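In short: position in the sequence shown from 1, add 724, done, that's the numbering used here. Note that beta-carbon positions come from the ideal geometry of N, C-alpha and C, so glycine has one too. All figures in this text were calculated on a predicted structure; none of them were measured in a lab. Data first, discussion second: the structure below is written as structure tokens.
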Amino acid sequence: MRVLPLVWMVIAAAGHAQNTPAPLFPAPGRLVDLGGWRLHLNCSGKANPGRPVVILEAGAGDFSVDWSLVQPLIAPSARVCSYDRAGAGWSDLGPRPRTLHQQVWELHALLAKAGEKPPFVLAGHSYGGWLVRLFAETYPADVSGMVLIDAGAEDPLRMLPDGKVTRASELAKGQQVPAVKTSDPLRESEIPPRIIDLIQSSIRGMAGHFNDPPRDKLPPEAQRMREWSLSQIKHAASNDNPFESDELAAMLAERKKRQHVLGDLPLIVIARGLPDESGPQAAQREEDHRKDQAALVTLSSVGNLIVAAKSGHHVSIDEPGVVAAAVREAVQTARH
């Protein structure tokens, strides 16, 4: 279950220039300008004519280095790219609010400007599962296969500030989701001091925990990059989407209209095999989670389910070989 993200900002943003400190580590990939803000794209492996390029979409709070164990296993057989969403890793802050639609547009623009040509096989972990699904619905001609890795449920549980648990659909307000913005990214200098203080307090509270298990299995350099990235103001300032519940509700409504919203798109769903929660309601939530993952298989008429028996939620860290094998299979069976 994912706790509702804290919305740090209630400010209007304008302007193009970024005001962020120089990174402590050189970017492993390249920075691509989308129109006043840059996203970091890290690709490896050789592009093969007629073969899809694999795009890795990380979970909430994660970025490109969280694929450090998976990407090298895919690169020998396929072109594979990880990237940092706006505000994460080496990427600049982007326009707000950070709606799912905004992030999907930015990924599509990033790939186009970087010259990475479709078709794509999309692999999305957790929160990233919603993004790759929305990408496939928005740009269906660009997608030839999909892998969902312990991906977000269609109507996920949400914990409210008072401790009560509800479904995301119950939080939808029927709001009109703002149109995608192609300019005017947020600048760190525009964040009010009181918000900066809140973020810095949160960062201090997380000190020493940025690489708690299972992330301690990542390569040492990746762990250092995570600590650097998650200690930045911009990382926390990028989690601003008051329309998420409405966007998820719209996806759920479309799903109710037609069971196989992805048609016959090759789809592999990887579900964790180990419990990820504790407490009196843990058993019921694990059962709900299993049902949610099984439901994702039916997004496509040819969906398949794999259970990663030795993995918790972060399958790409616990069992990177399972994820890499599923991606390679998706590439082999990709629709052309």
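Contact belief for residue i with residue j at Cβ below 8 Å, rounded distance in angstroms
i, j, result
"Asp964", "Arg820", "5 Å"
"Ala676", "Leu972", "Nothing in the structure corresponds to residue 676, since the chain is present only between 725 and 1060."
"Glu1043", "Arg979", "Contact doesn't hold; Cβ gap of about 28 Å is too wide."
"Cys805", "Val845", "The Cβ separation is near 11 Å, so there is no contact."
"Gly818", "Trp854", "Not confirmed; about 17 Å, so no contact."
"Arg803", "Ala771", "4 Å"
"Gln795", "Ser815", "In fact, because the Cβ distance is near 17 Å, the residues do not count as touching under 8 Å."
Local Cβ density within 10 Å of residue i, reported as buried at 16 or more and exposed below that
i, result
"Ala1054", "buried"
"Phe749", "exposed"
"Ser1035", "buried"
"Ala738", "Bear in mind that the predicted position of Ala738 carries a pLDDT of just 29, short of 50, making it too unreliable to give a figure here."
"Lys958", "buried"
"Ser907", "exposed"
"Met733", "For Met733, the pLDDT reaches just 34, beneath the cut-off of 50, and the residue's location in the model is therefore unreliable, although a value from the coordinates is still provided. Under this definition Met733 is a buried residue."
"Ala1018", "exposed"
"Glu968", "buried"
"Thr823", "buried"
"Ala875", "buried"
"Gln956", "buried"
"Val982", "In the sequence under discussion, the amino acid at residue 982 is Arg, which differs from the Val named in the question. When all chains shown are included, Arg982 counts as exposed."
"Met870", "buried"
"Ala793", "Here residue 793 turns out to be Leu, not Ala, going by the sequence shown. With 16 or more Cβ atoms within 10 Å of its Cβ, Leu793 is classed as buried."
"Trp791", "buried"
Limits of the unbroken beta strand (DSSP E) element including residue i
i, result
"Arg762", "762-768"
"Arg911", "Careful: Arg911 lies outside any beta strand (DSSP E) and carries neither H nor E."
"Asp1016", "Not the beta strand (DSSP E): Asp1016 falls in the alpha helix (DSSP H), residues 1006-1021."
Bounding residues of the alpha helix (DSSP H) (the contiguous stretch that carries residue i)
i, result
"Glu781", "Run containing Glu781: none in the alpha helix (DSSP H); it sits in the beta strand (DSSP E), 777-781."
"Val1051", "1044-1057"
"Pro828", "At residue 828 the sequence reads Val, which differs from the Pro that was named. Residues 824-838."
"Ala946", "944-954"
"Met922", "Residue identity check: residue 922 is Leu in the sequence provided, not Met. Counting along the chain, the alpha helix (DSSP H) containing Leu922 begins and ends at 917-930."
"Gln900", "No alpha helix (DSSP H) holds Gln900; DSSP gives it neither H nor E."
"Ala961", "957-961"
"Leu797", "795-798"
Bridge partners - residue i, DSSP secondary structure assignment
i, result
"Phe749", "Answer by DSSP bridge pairing: none, since Phe749 is not bridged."
"Ile873", "His849, Ile994"
"Phe844", "Val777, Val867"
"Thr890", "Arg882"
"Leu972", "For Leu972, which the question treats as bridged, DSSP gives no partner whatsoever."
"Gly811", "For Gly811, which the question treats as bridged, DSSP gives no partner whatsoever."
"Leu758", "DSSP, once it has assigned bridges, lists no residue as partnering Leu758."
"Val804", "Ser768, Val778"
"Asn1145", "Examination of residue 1145 is not possible in this model, given that the chain is present from 725 through 1060 alone."
Between the region 859-875 and the region 976-992, do at least 3 Cβ pairs fall closer than 8 Å? yes
Is the region 822-835 touching the region 933-949, taking contact as three or more C-beta pairs under 8 Å? no
Check whether the region 807-818 touches the region 752-769, counting contact only when three or more Cβ pairs, one atom from each stretch, lie closer than 8 Å. yes
Hey, is the region 992-1006 in contact with the region 914-934, meaning 3+ C-beta pairs nearer than 8 Å? no
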